[in-house]
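Q:
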Amino acid sequence: MILSYIDILASEVSKFAEKLWTSCSCVIQIVEPQAFASVDDMKNIVMKINKLENERSISPWDDEQIPEEIVLFTGFSYGGLSELPENKYFSSSMGSTIAEEIGMYGHRPSVLMDMLAGKRVDVDVEVRSYKRSFYGDCSPFYLETAFQLVYQLFTTEVTPDDEVIKRVMQVKEETILARERDPYTSFSNRAREINYGNSYFFRPFGISDLQKVDPLKACEYFNTCFKDPSTFTVVIVGKIDPTVAVPLILKYLGGIGKPPEPIFHFNCDRIKSLPFKFPKSMTREVVCSPMIEAQCMVRICFPIELKHGTMEEEIHYTGFLAKLLETKLLQLLRFKHGQIYSASVSEFIHGDLPCLTGDIGGDIRINFSCDPKISLKLVDMALNEILRLQEEGPSDQDVESILEIEQRAHENGLQENYYWLNLILGSYQSRIYSGDIGTSFKILDETRSKVRKSLTPLMMQLALRRIMPHNNPHTVVILMPQTSWFKRIKSFSKWTLYGIDMKVGHLTIFPTINYDYE
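Residue numbers for the sequence shown follow the numbering used here, so the first one is 403 and each next one is one higher.
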């Protein structure tokens, strides 16, 4: 049982937990909108759990006796949406959506669902900025079915169907209109535009863009994405018998015919990168949106640049910095001042791929929700805390806690197939990969160990100064509830004093395109 309290000794927590004892391992989570839970509430929950235990309604759970039997697989090839000019982008980006409804595996979705009834197998595709991929999972018993679907993906020619196209476009339009009414969409769209620029790659997909979609060109692009198997690298992880899996791989994956001519005329060394353009000066802006229930979201974004010569080390340092900032901001804004419930800090690297040369850009994002009235104050508190860490550095305990959390996550990950899949994919897709996956894997593992051993308060402080220099510009975007004109005019002087550009007109909001820019 996990209980979270503030300023309470561990011995007191242990003594209290003895009153709420259960024979099974469990977590009791209090979820909003209930602001707090009383001791009686906790006792009632535990009594319910004990009752279920006595009735044997809760099955015995033994982690050691539950092997992970799922098989995971991914196939990827370089080259994606970043190569497309604007006049082809919108049609091509709809290719996967249209193909899915028509039937990318040779059968309509409803027919395929009936064919796969009772089988634990799932295959999907993704066309992203720099890569095209198919991925999925299955039970070892249905490995052949999974490979059959991949075979069908590469051998099926998707052609437009008027009825299906009409339905897809209608659903897409309804999705766009729904997102336009979502306050968070206007917030995230504006944040993306400020931080990355107004290129068509980053603009939200609107109704006017939907009218530019040519279903025939969308299907043609999708067909070319999954046509040449010789350009794909496939990684399979899971409980499989090689004597069973290898013949299936040779039969279905090896049986896909190679086109007489290359489909895409580029290689991984000449892939066009996305035109990220972070503002050169500090930018602060408020996005006002009509809301049923008032809410406020804050996003603070810092640009980062990782040098080519020390790329892998800097990526690890960036991850540790994100965890440090998240920990310290939670301690300050939640536990010390009690003004937020949660905060997240995440790093975003624009492309650690062998196909991209030179230094890598990216950003570190801070997100939290709060009372609209104190949002500006909390922004300043967060920025001052970062400045303090740059000047004074973290404590020994801060660094020890971060290392312990990372090590625990690493050890837990070693038991999961998803972890190994991502680790192998990362070894293939890292810039250090030069044809030998074993060498790439070894270098990445040694780099992690090297950074961990070097991580002291001083090294963290230097990394913070190096990766997030104090004089670098940053952006602040705040989502606020739309209020009356009188209230906006009254508060305008306050916003300008803080250096924030307040958008007080009605916003034309477009939906977000959910890309994880690689």
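The beta carbon of each residue, even a glycine, is placed where N, CA and C say it ideally should be.
#1: For A348 and S675, I'd like the C-alpha separation in whole angstroms.
#2: Within 10 Å of its beta-carbon, does M684 have 16 or more other beta-carbons around it, so buried, or fewer, so exposed?
#3: What's the C-alpha gap between S771 and I742?
#4: Can you check which of these residues, K660, F492, C698, is closest to T885 by C-alpha distance?
#5: In this structure, does DSSP put E707 in helix, strand or coil?
#6: Name the residue from V566, A593, H509, E582 whose alpha carbon lies nearest to the alpha carbon of Q358.
#7: Could you round the C-beta distance between S691 and A724 to whole angstroms and report it? I think they count as a contact, below 8 angstroms.
#8: Applying the criterion that 16 or more other CB atoms from any shown protein chain within 10 Å of the CB defines a buried residue, is M862 buried or exposed?
#9: To the nearest angstrom, report how far apart Y507 and S498 are at their CA atoms.
#10: If I'm right that K533 touches F478 with Cβ under 8 angstroms, what's the distance once you round it to whole angstroms?
#11: Can you give me the C-alpha to C-alpha distance between Q817 and R810, rounded to a whole angstrom?
#12: Report the three-state DSSP secondary structure of S531 (helix, strand or coil).
#13: Look at the Cβ atom of V473, then the Cβ atom of K641, and state whether they are nearer than 9 angstroms.
#14: What residue range is occupied by the uninterrupted alpha helix (DSSP H) comprising C627?
#15: L727 and I762: beta carbons closer than 9 angstroms?
#16: In chain order, what are the residue ranges of uninterrupted beta strand (DSSP E) at least 3 long that sit wholly in the stretch 734 to 819?
#17: List the endpoints of the continuous beta strand (DSSP E) containing E576.
#18: Less than 8 angstroms between C-beta atoms, sequence neighbours within five positions excluded: which residues of the same chain meet that for I706?
#19: What beta strand (DSSP E) runs, 3 residues minimum, are completely inside the stretch 629 to 712?
#20: By the 10 Å Cβ neighbour count, where 16 or more other Cβ atoms means buried, how is D918 classified, buried or exposed?
#21: When DSSP labels each residue in this structure, what does M496 get in the three-state scheme?
#22: For H718 versus T849, is the C-beta spacing smaller than 9 angstroms?
#23: If you run the structure through DSSP and keep just helix, strand and coil, what is D539?
#24: With a threshold of 16 other CB atoms inside 10 Å of the CB of Q572, please say whether the residue is buried or exposed.
#25: Looking only at its chain, what residues have a beta carbon closer than 7 angstroms to the beta carbon of E787, apart from the 5 residues adjacent to it on each side?
#26: Please report the distance separating the alpha-carbon of E546 from that of V879.
#27: Who does P883 pair with in a DSSP beta bridge?
#28: When DSSP labels each residue in this structure, what does G520 get in the three-state scheme?
#29: Below 8 angstroms on the Cβ atoms is my guess for C627 versus V529; work out the distance and round it to an integer in Å.
#30: State the beta-bridge partners of Y480 as determined by DSSP.
#31: Taking buried to mean at least 16 other C-beta atoms within 10 Å of its own C-beta, is V688 buried or exposed?
#32: Between which two residues does the alpha helix (DSSP H) harbouring S851 extend?
A: To lay it out plainly:
#1: This structure does not reach residue 348, given that the chain is present from 403 up to 920, and the question cannot be answered.
#2: exposed
#3: 6 angstroms
#4: C698
#5: strand
#6: The chain is shown only over 403 to 920; residue 358 falls outside these bounds and no answer can be derived.
#7: Incorrect: roughly 28 angstroms between the Cβ atoms, too far for contact.
#8: buried
#9: 12 angstroms
#10: 5 angstroms
#11: 12 angstroms
#12: coil
#13: yes
#14: 617 to 627
#15: no
#16: 745 to 751, 762 to 771
#17: First-last for E576: 564 to 582, but that is the alpha helix (DSSP H), not the beta strand (DSSP E).
#18: T720, E749, G763, G764, D765, I766, I869, M870
#19: 635 to 639, 685 to 691, 699 to 708
#20: For D918, the predicted model reports a pLDDT of 39, less than 50, meaning its position is unreliable; a value from the coordinates is still stated below. By the 10 Å Cβ count, D918 comes out exposed.
#21: coil
#22: yes
#23: strand
#24: exposed
#25: K730, L731, L734
#26: 49 angstroms
#27: S691
#28: coil
#29: 6 angstroms
#30: K533
#31: buried
#32: 839 to 856
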